[in-house]
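In the order they appear, the protein sequences are chains E and U. Take the first sequence: its position 105, counted from the start at 1, is 93 in the working numbering, and no numbers get skipped. Offset between the second sequence (1-based) and the working numbering: plus 12. Just so you know, even glycine gets a beta-carbon here, dropped at the ideal spot from N, CA and C. Beneath this line is the structure, given in structure tokens, with notes to follow.
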Amino acid sequence: MRLLVIEDDVKAARLLSKGLREEGWIVHVAHDAAAGYEKATVSSYDAVILDWLLPDREGVEVCRDLRRRGVHTPILMLTARDAVEDRVTGLNVGADDYLTKPFAFAELLARIHALLRRADITRPVVLHVGDLMLDPVSHEVKRGGAPIRLTPTEYALMEVLIRRAGQVVSRADLVERVWEIDRDGFENLIDVHMSHLRRKIDGGRAPLIHTVRGSGFRLGTTAEP
Amino acid sequence: MKVDLKTRLAVAHAVAAAAILAVAVAGAHWTLRRAVLGQVIDRALLVLAEAEGASLSSDVTVPIRVHEMNPGSAPPSFDRLDKFVQIVDMSGRVLARSSTLGTSQLPAPPAFLARLKADSLVFQTRSDFGAEPIRIVTIPVERAGTRYAVQVAMSLDDAYTVLDSARWILLLMSVAIVQGVGVIGVILARRALVPIDRIVARARHIGESSLGDRLPHPGMENEIGRLVDTLNEMLGRIERSFEVQRRFTADASHELRSPLSRLRAELEVTLRRPRDRPEYEDTLRSALEEVEHLSRLTEELLVLARLDSDRRVAAGASTVVVGDSLREAVARLADQARDRAVSIRVLPAPVLSCGMRLEPAAAGLVFTNLVDNAVKFSPRGGVVTVDAQESDGDVVIAVSDAGPGIPAEEVPRLFERFYRGSAARFADGHGAGLGLAICRTILERHGGRISVESEPGKGATFRVRLPIG
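Here it is in structure tokens:
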């Protein structure tokens, strides 16, 4: 999954990114409102962590502008301001959640997981497709109850696919969400990893990972959507 | 029992009116009484008595008699109307009587007559004469060497009736007036003071959360209107100072939470997984940086809090020698200056040996801060000059650097609490923007001032002005 952190405190941004990357996510950082807004509109992210006090504009304004622009990415606002009016304002302009500093990192993680769950209407905590189970919090992956060991990259791919279960996920989307690199030309890399993944997940069982010719991949119990 | 102003005013009015009326009525009654009894009654008696006395013929052969009127023989005699006239000798024997007396005699005891002195007359009031109280005048007369007394009397009944009526009329009039004044007083008082009730009602609700409210103006430019205007201005001042305070607290809380947040994130993230030793050392070092930042911020906030709460001017001020204070500050920054290859020069000047009134710790804070800033913003190999001059009984200390200077739009805000400006990012970035605010507060407390002069690209000069003493 790919996250955007918009925070002007360089050190704080660095610490946040480090912690989030260690969870297996890709993290991009912007240090002011303008850069953050641009990144969020140009690229797609699965969640945005937005600080309230930014040097050029308030985070609340950025949030409002993103929503007006039609960007529906879940947004979690971070700030040292804890007055009730501020929380209400933040949520009312379109933020999905709000955390006051200083916060426990574990809580930030839990809330991000909660935001990521929202992409699915049923919002399960642990994701299931057929007899495949993926627990985002513990990073456990099981098929038919039997645990499967995945590399971090494989896990990241799996998370993207299962969160969009039933939908076609393009190679570009996968690249964005699993690697730091944004460029094209890495389809090959994907195919290699996907074939490893297939072997671990699908080997000897009903196939769940399907290739959609010319479009990408899809995780589902049947070959046809 | 609470008695409000309206009632008190009305009661006071009524009481004052009653008092004035009491005095006026008493005076009127007394004057009337004097006029009626003294003028009307006594004078009439006297005139008639003297007339009778004068008409006593000196001829002893003519019998003593009281002049009476024959019916129809003369114009009406107003003098004798309803009066009793009697002439007695000194033994009390009645020699002549007016017909009005009928069969009675006016009292004239010999003892009383004996006391009658020549040329003196006596008035008496007697209620034992008959059905009505009478007033008698007795005057001594002489005829051919013999002393007699002429007595004239008349009833006081009518006079008393008049006076009684007058008394009742005055009393009723007073009561009516007092009541009228009372009622009008209450109405007027209420009209004048109703705006005050409205003001009180609104004022009760104005509190910390509603300082934007103002008191209602009665609409008239009178004392109450002026009072409301003044109070509203005061509310404005209070609201502004609350606002300043609130902003300071909000800024301070943000400044405190940021390093705490970084510290926490750092430690939590590091502890989530096993790390190798160098990484732990890095984390600890980084955590220590935040702790230092927090310590410095806490100290500065405490200094400000203490300055804010103890507004007594220069509580612990003593005379500090200018040169000593400056040299101490420079010494404190010697290491840092050396690290950055910046040299600090204190220019010689006679005023360096003068004293200024400052709390020694405060002096240290101010000058260390200014020299520290100058060193931080100086280019490598640059020079920081400290120049003290005397001017108009004050010492003016200028700390100059050859750094990047300060943009014009930032200059007015430089001394605000927590203001950092763009250049702060180039420095070590750990200041909270309180240093200059503290300098300004300290200097103003001691009767001094701080100002800055700067042009982008041409460095900056901070000037501190303090009275010499």
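Contact between LEU196/E and VAL113/E does not hold, since their C-beta atoms are separated by about 20 angstroms, which reaches or exceeds 8 angstroms. Taking a contact as a CB-CB distance under 8 angstroms, the pair MET368/U and PRO479/U counts as one, their CB atoms being some 7 angstroms apart. The three-state reading of DSSP puts PHE205/E in strand, counting E and B together. Distances from the CA of SER139/U to each of THR43/U, GLU64/U, LEU118/U, ARG457/U were compared; the closest alpha carbon is that of LEU118/U. Here the alpha carbons of ALA83/E and GLU421/U stand approximately 34 angstroms from one another. Distance check between VAL81/E and each of ALA194/E, VAL48/E, ASP119/E places VAL48/E closest, using alpha-carbon atoms only.
With a contact defined as Cβ atoms closer than 8 angstroms, LEU68/U and ARG155/U qualify at about 5 angstroms. Distance from the CA atom of ASP161/E to the CA atom of ALA35/E, rounded to whole angstroms, is 14 angstroms.
Looking at the DSSP output, GLU465/U sits in a beta bridge with THR473/U.
The Cβ neighbour count for SER132/U, taken over all protein chains shown within 10 Å, is under 16; the residue is labelled exposed. The shortest C-alpha to C-alpha distance from SER265/U to any of THR310/U, VAL395/U, VAL315/U is the one to THR310/U. Given a length threshold of 4 residues, each whole run of the alpha helix (DSSP H) inside the region 257 to 336 of chain U is given here in chain order: 289 to 321. At least one CB of chain E lies nearer than 8 angstroms to the CB of LEU272/U. When Cβ pairs closer than 8 angstroms are counted between the two stretches, the region 299 to 318 of chain U is seen not to touch the region 331 to 347 of chain U, the count staying below three.
DSSP places THR115/U outside both helix and strand once states are collapsed to three, so it counts as coil.
Residue nearest to GLY459/U within the set SER111/U, VAL408/U, SER167/U is VAL408/U (criterion: CA-CA distance). Taken in chain order, the members of the region 3 to 29 of chain E whose beta-carbon sits within less than 7 angstroms of a beta-carbon on chain U are LEU3, LEU4, LYS6, GLY7, GLU10. Taking 8 angstroms as the threshold, the shortest C-beta distance from PRO140/E to chain U does not fall below it.
Given a length threshold of 4 residues, each whole run of the alpha helix (DSSP H) inside the region 89 to 148 of chain E is given here in chain order: 93 to 105. For the region 274 to 286 of chain U, the set of positions with a beta-carbon nearer than 8 angstroms to some beta-carbon of chain E reads ARG274, LEU275, ARG276, ALA277, GLU278, GLU280, VAL281, ARG284, ARG285 in chain order. The CB of PHE93/E comes closer than 7 angstroms to the CB of ALA277, GLU280, VAL281 in chain U, given here in chain order. In this structure, the beta-carbon distance from PRO43/E to ASP(-4)/E falls below 8 angstroms. In the structure shown, the three-state DSSP call for SER158/E is strand.
A residue is called buried when at least 16 other Cβ atoms come within 10 angstroms of its Cβ; PHE93/E meets this threshold and is buried.
Here LYS18/U has VAL198, ALA201, ARG202, LEU205 as same chain residues with Cβ atoms under 8 angstroms from its own Cβ, once five neighbours each way along the sequence are excluded. DSSP, read as helix, strand or coil, puts ALA34/U in helix. Within the same chain, Cβ atoms closer than 7 angstroms to the Cβ of ALA374/U are found at ILE454, the five residues on either side in sequence being excluded. Segment contact: the region 277 to 295 of chain U against the region 242 to 262 of chain U, fewer than three CB-CB distances shorter than 8 angstroms; contact not assigned.
At a beta-carbon threshold of 7 angstroms, none of the residues of chain U lie near ARG45/E; the nearest stands roughly 16 angstroms away. Identification of chain E residues near SER265/U by a Cβ-Cβ cut-off of 7 angstroms yields ALA68, ordered along the chain. Residue range 169 to 217 is occupied by the alpha helix (DSSP H) that includes HIS217/U. Assigned with DSSP and collapsed to three states, HIS16/E falls in strand.
Inter-segment contact for the region 353 to 371 of chain U and the region 394 to 402 of chain U is present: three or more beta-carbon pairs are separated by less than 8 angstroms.
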